[in-house]
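Quick mapping for you: the protein sequence lines, in order, are chains H and D.
For the first sequence, our numbering assigns the number 1 to the initial residue and increments by one for each residue that follows.
For the second sequence, our numbering assigns the number 110 to the initial residue and increments by one for each residue that follows.
Even glycine gets a Cβ: it sits at the ideal position worked out from N, Cα and C.
Report on the following structure.
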Amino acid sequence: DAKTTQPPSMDCAEGRAANLPCNHSTISGNEYVYWYRQIHSQGPQYIIHGLKNNETNEMASLIITEDRKSSTLILPHATLRDTAVYYCIAVNSGYALNFGKGTSLLVTP
Amino acid sequence: DAGVIQSPRHEVTEMGQEVTLRCKPISGHNSLFWYRQTMMRGLELLIYFNNNVPIDDSGMPEDRFSAKMPNASFSTLKIQPSEPRDSAVYFCASSLLAGGPKGEQFFGPGTRLTVL
C-alpha cells in the first residue's frame with residue numbers, strides 16, 4: 001500500500017471548517033483513500049473513503065486531486081467533539097490498515 | 110446493531126497468568142481483525158480472519174499469542190503466559206469485506222490490558 005504523509009498536528013476554531021491534508025504521491029490506480037479518526041481512549045472510527053471522485057457523507061467531505069497524489073478531509077463545521085487523531089490510509093484490495101501517526105486535530109472554543 | 114462488542118474492557122493481571130480477550134463482531138460481517146495499540150508502536154494488526162478462517166497471523170508477536178474464531182459471532186485472543194510488555198489496548202474490528210470499496214472496518218471499544 002502507498003505511504004501517506006500527514007502533518008502531525010493542526011488547530012481549528014469551533015464552528016469553522018477543518019481541512020486536513022494528506023499526501024499519497026505513490027498511490028496506485030486501484031488504491032482507495034480511507035480516513036479514520038480516533039477520539040481519545042476510543043476505538044478508531046471510520047469516516048469516509050474514495051477512489052477518484054470527491055465524496056461526501058454525513059460526517060465529512062473528501063476531496064481527491066485529479067492526479068490522486070493528495071487528498072483533503074473536510075469537516076465543514078468543526079465541534080469540540082471532533083478533537084481526535086485523524087488517519088489517512090491508502091488501501092488496495094488488501095485488508096491491512098497502516099494507521100501511521102496521523103494528524104492530531106485540536107478544535108478550540 | 111450494537112456494534113463490535115469486546116470484553117472485558119479492562120484487565121489487570123500478573124506476569125505469567127493466562128489472559129483471554131473476547132470479541133463479538135457486527136452481525137453479517139465476515140472479516141474480523143485484532144489490533145494492538147501502544148504509545149511506542151501505534152496501532153498494529155495482529156491477525157485477520159475471513160469467514161472464520163485465519164488468513165494472516167504474521168502480526169502475532171510470538172507463540173504466546175493465539176487467536177480463534179469458532180463461529181461467525183465470536184473470537185478470542187489469548188496470551189499465555191502474559192508478560193509486562195504485553196500491556197496495551199487491544200482492539201477488535203469487523204468489516205463486511207476486507208479492503209476495496211466496502212472495506213471499512215468498525216472497531217470495538219478496546220480492552221485495556223495491564224500486566225504487572
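Span of the beta strand (DSSP E) around residue i
i, result
"D/Leu141", "140 to 147"
"H/Leu106", "103 to 108"
"D/Phe183", "183 to 188"
"D/Asp165", "162 to 165"
Within-8 angstroms CB hit, residue i to chain D
i, result
"H/Lys3", "no"
"H/Val91", "yes"
"H/Lys52", "no"
"H/Tyr95", "yes"
"H/Gly43", "yes"
"H/His121", "Since the first residue shown for chain H is 1 and the last is 109, residue 121 of chain H is missing from the structure and cannot be characterised."
"H/Lys101", "yes"
Chain H within 8 angstroms of residue i, Cβ atoms only
i, result
"D/Glu120", "no"
"D/Tyr199", "no"
"D/Gly212", "yes"
"D/Gly137", "no"
"D/Gly151", "yes"
"D/Leu154", "yes"
"D/Phe174", "no"
"D/Ser140", "yes"
"D/Gly249", "For chain D, the structure presents residues 110 to 225; residue 249 of chain D sits outside this window and is missing."
"D/Phe158", "no"
"D/Pro218", "yes"
Reference residue i; option with closest CA among the options
i, options, result
"D/Gln126", "D/Gln146, D/Cys132, D/Arg118, D/Gln189", "D/Gln189"
"D/Met169", "D/Ala181, D/Asn180, D/Leu206, D/Asp195", "D/Asp195"
"H/Gly100", "D/Arg150, D/Asn139, D/Glu120, D/Lys177", "D/Arg150"
"H/Gln6", "H/Val107, H/Pro109, H/Ala90, H/Ala96", "H/Ala90"
"H/Ala84", "H/Ala60, H/Thr65, H/Asn98, H/Val107", "H/Val107"
"H/Glu14", "H/Ala78, H/Glu66, H/Gly43", "H/Ala78"
"D/Asn139", "D/Glu153, D/Leu222, D/Phe200, D/Pro163", "D/Pro163"
"D/Phe158", "D/Pro193, D/Val198, D/Ser204", "D/Ser204"
"D/Ser136", "D/Leu206, D/Leu222, D/Thr223, D/Arg221", "D/Leu206"
"D/Arg145", "D/Ile114, D/Leu186, D/Gly212", "D/Leu186"
"D/Pro179", "D/Pro134, D/Ala111, D/Glu153", "D/Pro134"
Chain A contact residues for residue i, given Cβ-Cβ distances below 7 angstroms
i, result
"H/Tyr46", "Absent from the structure: chain A. Protein chains present are H and D."
Do the segment 111 to 131 of chain D and the segment 14 to 32 of chain H make contact, defined as three or more Cβ pairs closer than 8 angstroms? Look at the beta carbons and you see the segment 111 to 131 of chain D not touching the segment 14 to 32 of chain H: under three pairs across the two are nearer than 8 angstroms.
Say whether the segment 45 to 53 of chain H touches the segment 68 to 81 of chain H, bearing in mind that this needs 3 or more beta-carbon pairs closer than 8 angstroms, one atom from each stretch. Contact between the segment 45 to 53 of chain H and the segment 68 to 81 of chain H is present, with at least three C-beta pairs closer than 8 angstroms.
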